[in-house]
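Enquirer: Numbering (the working numbering), first residue to last: 276 to 612.
Yeah, the Cβ is synthetic: ideal placement off N, Cα and C, and Gly gets one too.
The structure presented is a predicted model; accordingly, all values stated were derived computationally and were not measured.
What follows is a single structure, and I will ask about it in a moment.
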Ligand code: HSE
């Protein structure tokens, strides 16, 4: 399977590392031999129809910061690479933008138009234009998969749509942002202040490039829209969510909640068709009370009751667990395995 990789930041480099790490296993387990035939970043595009040397590329980009410095790179822009470099599938992992969805939205529409399957972790285009993207993929008969975009490594969409496919999912509720969970956990357990703890979260590398996306609740809202559409079959967009972040949570409010046996968590919830993100009081012994950077989501279903899953919602390698699972699902479908 030939892959156009678009975006070579934390997740894109993590994708390259994951393929290097899993190369032999993927071949022996599934007969799967992915070939990355182009890598684009803002500086240009590296092309090799025979398969790019991922280790050499990582080495060069880690040293210089840019694809254009790799031997064989050209100034070809991402859209030209998506149109012009032959491949079966595009992995789109450029930084998210919840205002315009760009450049990810154009990358995805262009790839679909060129008859390529799309796998992405990019939340912005999905939260803004899911209906348009879904329609474009259906029109062209290509697969469109985005498990990694909401909940990182947690297999939420597959769990709901495949494993629980006989159940009606009635509501979804959870912690979908690791940065805010880390901040609230530290403020609760160590009594640290908001600003200091936010700096620590940024140092961990899980906060968005602009951390206001995290603390304002906007990142959680994007993920909630994605889950609502993919699992509940809705066509919601970001503007349908009532959003409140964690900036107004004081150490005093946290201490008061603790005295009563509660913790404060930033919860995303869709229930009775209403989408909301807001700090909520969660009983200390409740399944949604998970610590640190962990994410958690509970589905309320008609047959199975409540099903809760906990896992890592961010991280270069963890996110690529879900990206790889989407790619394998497409490969196994195409190859009839
Ligand atoms: N900033 C996000 C988080 C990264 O903290 O969960 C994963 O989407």
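Assign residue 521 to one of two classes, buried (16 or more other C-beta atoms within 10 Å of its C-beta) or exposed (fewer than that).
Expert: For the purposes of this step, residue 521 is taken as residue 246 along the chain shown, with counting starting at 1. It counts as buried.
Enquirer: In this structure, how does DSSP classify residue 561 when only helix, strand and coil are distinguished?
Expert: Position 286 of the chain shown, counted from the first residue, corresponds to residue 561. Looking at residue 561 - three-state DSSP - the assignment turns out to be coil, as it is neither helix nor strand.
Enquirer: Assess contact between the region 307 to 322 and the region 278 to 285, defined as three or more Cβ pairs (one per stretch) separated by less than 8 Å. Is contact present?
Expert: Segments in contact, yes.
Enquirer: For residue 447, which residues does DSSP report across the bridge?
Expert: In the chain shown, residue 447 corresponds to position 172, counting from 1. Per DSSP, 545 and 574.
Enquirer: Less than 8 Å separating the Cβ of residue 481 from some heavy atom of the ligand HSE?
Expert: Start at 1 with the first residue of the chain shown, and residue 481 comes out as number 206. Yes, since a heavy atom of the ligand HSE falls inside the 8 Å radius drawn around the Cβ of residue 481.
Enquirer: Starting from the C-beta of residue 429, find all residues in its chain whose C-beta is less than 7 Å away, skip the five residues before and the five after it, and write them out in chain order.
Expert: Reading the chain shown from its first residue, position 154 is the one you call residue 429. The answer, listed in chain order, is 570, 572, 584, 586 and 588.
Enquirer: Work out the CA separation of residue 478 and residue 338 for me, nearest whole Å.
Expert: Taking the chain shown and counting its residues from 1, the one referred to as residue 338 is at position 63. Taking the chain shown and counting its residues from 1, the one referred to as residue 478 is at position 203. If I take the Cα positions, the gap works out to 20 Å.
Enquirer: So, do the region 526 to 542 and the region 411 to 430 have three or more beta carbon pairs nearer to each other than 8 Å?
Expert: No, because fewer than three Cβ pairs between the region 526 to 542 and the region 411 to 430 fall closer than 8 Å, the two stretches do not touch.
Enquirer: Mind checking residue 455: buried by the 16 CB within 10 Å criterion, or exposed?
Expert: Locating residue 455 in the chain shown gives position 180, where the first residue counts as 1. Buried, by the Cβ-count rule.
Enquirer: Rank 328, 480 and 540 by C-alpha distance to the C-alpha of residue 556 and give the top, closest one.
Expert: Position 281 of the chain shown holds residue 556. Looking at the Cα atoms, 540 is the closest of the given residues.
Enquirer: With residue 353 as the anchor, note down where its alpha helix (DSSP H) starts and where it stops.
Expert: One-based indexing of the chain shown puts residue 353 at position 78. Start and end: 353 to 359.
Enquirer: Is any heavy atom in the ligand HSE found nearer than 8 Å to the beta carbon of residue 488?
Expert: Taking the chain shown and counting its residues from 1, one reaches residue 488 at position 213. Yes - the ligand HSE has a heavy atom lying nearer than 8 Å to the Cβ of residue 488.
Enquirer: Between residue 550 and residue 442, which are expected to be in contact by the criterion C-beta below 8 Å, what is the C-beta distance as a whole number of angstroms?
Expert: Looking up residue 550 in the chain shown gives position 275. Looking up residue 442 in the chain shown gives position 167. Wrong, their Cβ atoms sit about 20 Å apart, outside the cutoff.
Enquirer: Straight-line CA distance for residue 288 to residue 582?
Expert: Numbered from its first residue, the chain shown carries residue 288 at position 13. Numbered from its first residue, the chain shown carries residue 582 at position 307. Residue 288 and residue 582: Cα-Cα distance of roughly 33 Å.
Enquirer: State yes or no: is the C-beta of residue 402 nearer than 8 Å to some heavy atom of the ligand HSE?
Expert: Position 127 of the chain shown, counting from 1, holds the residue named residue 402. No, since every heavy atom of the ligand HSE falls outside the 8 Å radius drawn around the Cβ of residue 402.
Enquirer: Give the secondary structure of residue 492 by DSSP, where H, G and I count as helix, E and B as strand, and everything else as coil.
Expert: Taking the first residue of the chain shown as 1, we reach residue 492 at position 217. In the structure shown, residue 492 sits in coil (DSSP, three-state: anything other than H, G, I, E or B).
Enquirer: With DSSP run on the structure shown, which of helix, strand or coil describes residue 439?
Expert: Residue mapping note: residue 439 aligns to position 164 of the chain shown, counting from 1. Reduced to three states, the DSSP call for residue 439 is coil.
Enquirer: Nearest-angstrom Cα distance between residue 449 and residue 565?
Expert: The residue you call residue 449 lines up with position 174 of the chain shown. The residue you call residue 565 lines up with position 290 of the chain shown. Answer to the nearest angstrom: the Cα atoms are 10 Å apart.
Enquirer: Given a threshold of 16 other Cβ atoms within 10 Å of its Cβ, counted over all protein chains shown, does residue 296 qualify as buried or as exposed?
Expert: Here residue 296 refers to the residue found at position 21 of the chain shown. Exposed, since its Cβ has fewer than 16 Cβ neighbours within 10 Å.
Enquirer: Identify every residue that forms a DSSP beta bridge with residue 610.
Expert: As a working mapping, residue 610 is identified with position 335 in the chain shown. Answer is none; residue 610 lacks a bridge partner.
Enquirer: Restricting to Cα atoms, I'd like to know which of 301, 300, 280 and 299 is closest to residue 291.
Expert: Here residue 291 corresponds to residue number 16 of the chain shown, with the count starting at 1. Closest by alpha carbon: 280.
Enquirer: Identify whether residue 299 lies in helix, strand or coil by the three-state DSSP scheme.
Expert: Counted from its first residue, the chain shown places residue 299 at position 24. Helix, per DSSP.
Enquirer: First and last residue of the beta strand (DSSP E) that includes residue 281?
Expert: Position 6 of the chain shown, counted from the first residue, corresponds to residue 281. Residues 277 to 281.
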